[in-house]
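In full-length UniProt numbering, the protein residues as written are 1 to 232.
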């Protein structure tokens, strides 16, 4: 008698614990793919927004004018929010008659660093989930496989004659769990590595901008309020 060894048939004939393991792995895989797609589009949007703002920033536009354009802007890029945080604190200290250039610069840098950390935390959100799926899924699948093999051998103990035809279906059912575990883990690991590299590059871009903008603010610290020069 021919055995149906298709994936669906193997899952349907597997023991309940193995089916529960497979259901959990499929759920983890779907969730990780959702994170992968959302993260891909979000990081692509961040990169494009940062590049557009950098081009505008280095075009030589007046800093006050640039600040008015980005302050409170909906859907702004991380670099825009970092710039706005630094400029806001710089202008606030100016309004309080703080004249010490080092105090002005330190306040602006602290505001930018705090904004930078918030942006980095937002970009890194859900990465830990991908890391967990990538590291845990193979072991969950292996647990399902071990349980399935144990269940198959217990069933074979009641048979008088054991042949390859009687062993193969039970072993195949068990191995499906490992296969699905790997199917869930591999995209999660690849996605995590790719996004981690992208976030590292974005972090370097933002930190470089903070240093460059700090140098510009240092040059403008002695300039009368309302006459901040642009980047050049």
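C-beta atoms are modelled at their ideal positions from N, C-alpha and C, and glycine is treated no differently. What you are looking at is a predicted structure, and each value in this text was computed from that prediction instead of being measured.
Notebook entry, point to check: Where residue 33 and residue 187 are concerned, what is the direct C-alpha to C-alpha distance, given to the nearest angstrom?
Noted result: As a first step, residue 33 must be located in the chain shown, where it is residue number 33. As a first step, residue 187 must be located in the chain shown, where it is residue number 187. Rounded to whole angstroms, the gap between the alpha carbons of residue 33 and residue 187 is 8 Å.
Next item on the list: For residue 57, count neighbouring C-beta atoms within 10 Å of its own C-beta (all shown protein chains included) and say buried if the count is 16 or more, exposed if not.
Entry: Locating residue 57 in the chain shown gives position 57, where the first residue counts as 1. The residue in question, residue 57, is buried, as its Cβ has 16 or more Cβ neighbours within 10 Å.
Item checked: Range covered by the alpha helix (DSSP H) that runs through residue 21 -> The count along the chain shown starts at 1 and reaches residue 21 at position 21. Here the alpha helix (DSSP H) through residue 21 covers 16-57.
Item checked: From 126, 142, 172, residue whose alpha carbon lies closest to that of residue 8 -> Numbered from 1 along the chain shown, position 8 holds the residue referred to as residue 8. Nearest C-alpha to residue 8: 172.
Notebook entry, point to check: So, using beta-carbon positions, are residue 108 and residue 217 closer together than 8 Å?
Noted result: Position 108 of the chain shown holds residue 108. Position 217 of the chain shown holds residue 217. Yes. Within cutoff.
Item checked: Element boundaries [alpha helix (DSSP H), containing residue 98] -> Counting from one through the chain shown, the residue named residue 98 turns up at place 98. For residue 98, there is no enclosing alpha helix (DSSP H), as DSSP gives it neither H nor E.
Item checked: Chain-order list of residues whose beta-carbon lies under 7 Å from that of residue 235 (same chain, five-residue window excluded) -> Outside the shown range of the chain, which is 1 to 232, sits residue 235, and nothing can be said about it.
Notebook entry, point to check: For the stretch 94-114 against the stretch 140-155, are there 3 or more C-beta pairs whose distance is under 8 Å?
Noted result: no
Notebook entry, point to check: Would you report the Cα separation of residue 2 and residue 18, rounded to the nearest angstrom?
Noted result: For this step, residue 2 is matched to residue 2 along the chain shown. For this step, residue 18 is matched to residue 18 along the chain shown. Confidence is the limiting factor: at residue 2 the pLDDT is only 45, short of 50, which leaves the residue's position unreliable and the question unanswerable from this model.
Next item on the list: Compute the distance between the beta-carbons of residue 70 and residue 84, then report whether it is under 8 Å.
Entry: One-based indexing of the chain shown puts residue 70 at position 70. One-based indexing of the chain shown puts residue 84 at position 84. Cβ atoms of residue 70 and residue 84: closer than 8 Å.
Check: Comparing alpha-carbon positions, which option in 135, 219, 15 lies nearest residue 154?
Finding: Looking up residue 154 in the chain shown gives position 154. For the residues 135, 219, 15, the minimum Cα distance to residue 154 belongs to 15.
Notebook entry, point to check: Between the Cα of residue 54 and the Cα atoms of 72, 76, 42, which residue gives the shortest distance?
Noted result: On the chain shown, position 54 is the one that residue 54 refers to. It is 76 whose Cα lies nearest to the Cα of residue 54.
Checklist line | Three-state secondary structure assigned by DSSP to residue 148 | finding: As a first step, residue 148 must be located in the chain shown, where it is residue number 148. Three-state result, residue 148: helix.
Next item on the list: Output the boundary residues of the alpha helix (DSSP H) element that contains residue 68.
Entry: Here residue 68 refers to the residue found at position 68 of the chain shown. From DSSP, the alpha helix (DSSP H) with residue 68 extends over 63-70.
Next item on the list: Keeping to the same chain, check which residues put their C-beta closer than 6 Å to that of residue 39; ignore five residues upstream and five downstream.
Entry: Here residue 39 refers to the residue found at position 39 of the chain shown. Cβ neighbours of residue 39 beyond the five flanking positions: 195.
Notebook entry, point to check: Expressed to the nearest angstrom, what Euclidean distance is found between the alpha-carbon atoms of residue 89 and residue 110?
Noted result: Within the chain shown, residue 89 is the residue found at index 89, counting from 1. Within the chain shown, residue 110 is the residue found at index 110, counting from 1. Roughly 9 Å between the two C-alpha positions.
Notebook entry, point to check: Mind checking residue 122: buried by the 16 CB within 10 Å criterion, or exposed?
Noted result: Residue 122 sits at position 122 when you count from the first residue of the chain shown. It is exposed - the Cβ of residue 122 has fewer than 16 other Cβ atoms within 10 Å.
Check: Looking only at C-alpha atoms, which of 152, 128, 95, 102 sits nearest to residue 36?
Finding: Here residue 36 refers to the residue found at position 36 of the chain shown. Nearest C-alpha to residue 36: 128.
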